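Chemist: After the structure tokens below, expect a handful of questions from me.
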Amino acid sequence: MIEQTAIETPSVYTDSTDELLIDIRDLRKSFGKNAVLKGFNLQLHSRENLVIIGRSGSGKSVLLKCIVRLERPDSGLLNVLGRDVPSLNQTEMDLLRADVGFLFQGSALYDSMTVRENLEFPLRRHPEKLRDIDIEQLVLEALDSVGLVYAVDLMPEELSGGMKKRVALARTIILRPKIILYDEPSSGLDPITAKEIIKLILDIQEKYNTASLIITHDMDFARIIANRMVILVDGINYAEGSYAALNNSDDPKIKAFFK
Ligand SMILES: Nc1ncnc2c1ncn2[C@@H]1O[C@H](COP(=O)(O)OP(=O)(O)OP(=O)(O)O)[C@@H](O)[C@H]1O
Ligand SMILES: [Mg+2]
């Protein structure tokens, strides 16, 4: 059993006026004998960019999927925007999903749909019916935020990897979520395109005032974007702190993540 290490007061950028948006306590999730999350804790506040790092297979994607109930935890508290996720009915869950955007690892666009149709998808699924004219406007606004209005009628196969990420990002923000979950937003992109994505994420956050939970392997990305970082090791939040504080740690398990 690994003990949690406190690096410094964690909430570097939060103050008492910030709202608690996600509260996760003692979260456990196993697949058969494979215990992935073993008592994980996490708090996300408004205005935060919280970066989670962890080795491949440590459970980062599983954690995000639990937050939007694509996976169900075995036990623990999982509260998102004041709602107890495991006990919500389907309509309540659909409403909550509109407030929690998810940028999937890989872009997860629907290959048989145009960019426009991909963006319309979450709008048409939303429990509150929108008028066609409003849908058109939201699609174009979201594409404008990522600089891709001209690609509205293209198919995913006609897009580069960076463009796919941007379309996926547009689809993520189209319902104006309060929280955005990013699973490896820069993976598979060249460093320059990855920087453009970072800039977009920061622009979007400023424009829509979202809080973000960001999973990344990319430490340059983490250094630029994180107000606070959590290191997931052996199923728990092993360490928390600013990039600088964690970077100065002498703990070999933490040092392993930094060059
Ligand atoms: N649906 C599933 N059924 C069974 N095992 C699963 C399932 N989803 C994830 N796992 C297992 O849970 C563990 C954590 O997977 P997860 O995808 O969360 O890793 P990750 O930290 O996101 O890794 P990466 O950095 O490679 O994306 C892995 O051992 C994986 O095999
Ligand atoms: Mg993953």
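Numbering-wise, our numbering comes out as the position in the sequence shown, counting from 1, plus 47. Where a beta carbon is used, it is the ideal one built from N, C-alpha and C, also for glycine. Being a predicted model, the structure only gives us computed values, none of them experimental.
According to the neighbour-count rule (16 or more other Cβ atoms, all chains shown, within 10 Å of its Cβ), is Lys-211 buried or exposed?
Modeler: So Lys-211 ends up on the buried side.
Chemist: Identify every residue that forms a DSSP beta bridge with Ala-82.
Modeler: Beta-bridge pairing links Ala-82 to Ser-77.
Chemist: How would you label Phe-151, buried or exposed, when you count the other beta carbons within 10 angstroms and need 16 or more for buried?
Modeler: That one is buried.
Chemist: Between Leu-125 and Leu-68, what straight-line distance do the alpha-carbon atoms span, to the nearest angstrom?
Modeler: C-alpha separation (whole angstroms): 11 angstroms.
Chemist: How big is the Cα-Cα spacing for Lys-306 and Asn-256?
Modeler: Approximately 32 angstroms between the Cα atoms of the pair.
Chemist: Go to Asp-237, then tell me how far its beta strand (DSSP E) extends in each direction, as first and last residue.
Modeler: Where Asp-237 is concerned, there is no enclosing beta strand (DSSP E), given that its DSSP letter is neither H nor E.
Chemist: For the stretch 270–290 against the stretch 95–104, do three or more pairs of beta-carbon atoms, one drawn from each stretch, fall closer than 8 angstroms, so that the two count as touching?
Modeler: Enough Cβ pairs lie closer than 8 angstroms, so yes.
Chemist: Taking the alpha-carbon positions, what's the Phe-268 to Ile-180 distance?
Modeler: Those two C-alpha atoms are separated by around 37 angstroms.
Chemist: What separation, rounded to the nearest whole angstrom, lies between the Cα atoms of Tyr-285 and Asp-265?
Modeler: Cα to Cα, the separation comes out at about 19 angstroms.
Chemist: Using only Cβ atoms and a threshold of 6 angstroms, which residues come within that distance of a heavy atom of ligand 1? Order them by chain position.
Modeler: After applying the 6 angstroms Cβ criterion, the set is Phe-78, Asn-81, Val-83, Gly-101, Ser-103, Gly-104, Ser-105, Gly-106, Lys-107, Ser-108, Val-109 and Gln-152.
Chemist: Where does Val-214 sit, in a helix, a strand or coil, going by DSSP?
Modeler: Val-214 falls in the helix class under three-state DSSP.
Chemist: Quick check on Phe-151: does DSSP put it in helix, strand or coil?
Modeler: In the structure shown, Phe-151 sits in coil (DSSP, three-state: anything other than H, G, I, E or B).
Chemist: In whole angstroms, give me the CA-to-CA distance for Gly-104 and Arg-75.
Modeler: Using only the alpha carbons, I get a separation of about 15 angstroms.
Chemist: Measuring alpha carbon to alpha carbon, tell me which of Lys-254, Ile-245, Glu-253 and Asp-250 ends up nearest Ile-261.
Modeler: Out of Lys-254, Ile-245, Glu-253 and Asp-250, Ile-245 has the C-alpha closest to the C-alpha of Ile-261.
Chemist: Below 8 angstroms, can you find three or more Cβ-Cβ pairs linking the stretch 140–158 to the stretch 115–125?
Modeler: The stretch 140–158, when compared against the stretch 115–125, does touch it at the 8 angstroms Cβ threshold.
Chemist: Could you check the C-alpha separation between Asp-250 and Gly-194 for me, to the nearest Å?
Modeler: If you take the alpha carbons of Asp-250 and Gly-194, they lie about 12 angstroms apart.
Chemist: Return the chain-ordered list of same chain residues with a C-beta closer than 8 angstroms to the C-beta of Ala-189, the five sequence neighbours on each side being excluded.
Modeler: For Ala-189, where only same-chain residues beyond five positions count, the Cβ hits under 8 angstroms are Leu-166, Ala-217, Arg-218, Ile-220 and Ile-221.
Chemist: Residue ranges of each beta strand (DSSP E) run of no fewer than 3 residues wholly in the stretch 122–179, ordered along the chain?
Modeler: Listed in chain order, the complete beta strand (DSSP E) runs (minimum 3 residues) inside the stretch 122–179 are 122–127 and 147–150.
Chemist: Determine the DSSP secondary structure at Ile-272, reduced to helix, strand or coil.
Modeler: The answer is helix: DSSP assigns Ile-272 an H, G or I state.
Chemist: Work out the CA separation of Gly-153 and Ala-198 for me, nearest whole Å.
Modeler: If you take the alpha carbons of Ala-198 and Gly-153, they lie about 19 angstroms apart.
Chemist: Hey, out of His-92, Glu-139 and Phe-87, whose CA is closest to Asp-358's CA?
Modeler: What the structure shows of the chain is the stretch from 48 to 306, and residue 358 is not part of that stretch, so it cannot be assessed.
Chemist: Assign Asp-297 to one of three DSSP states: helix, strand, or coil.
Modeler: The answer is coil: DSSP assigns Asp-297 none of H, G, I, E or B.
Chemist: Assuming Val-98 is part of the beta strand (DSSP E), what are its boundary residues?
Modeler: Run containing Val-98: 96–101, per the beta strand (DSSP E) assignment.
Chemist: Name the DSSP bridge partner or partners of Ile-262?
Modeler: In the DSSP output, where bridge partners are listed per residue, Ile-262 has Ile-99 and Asp-230.
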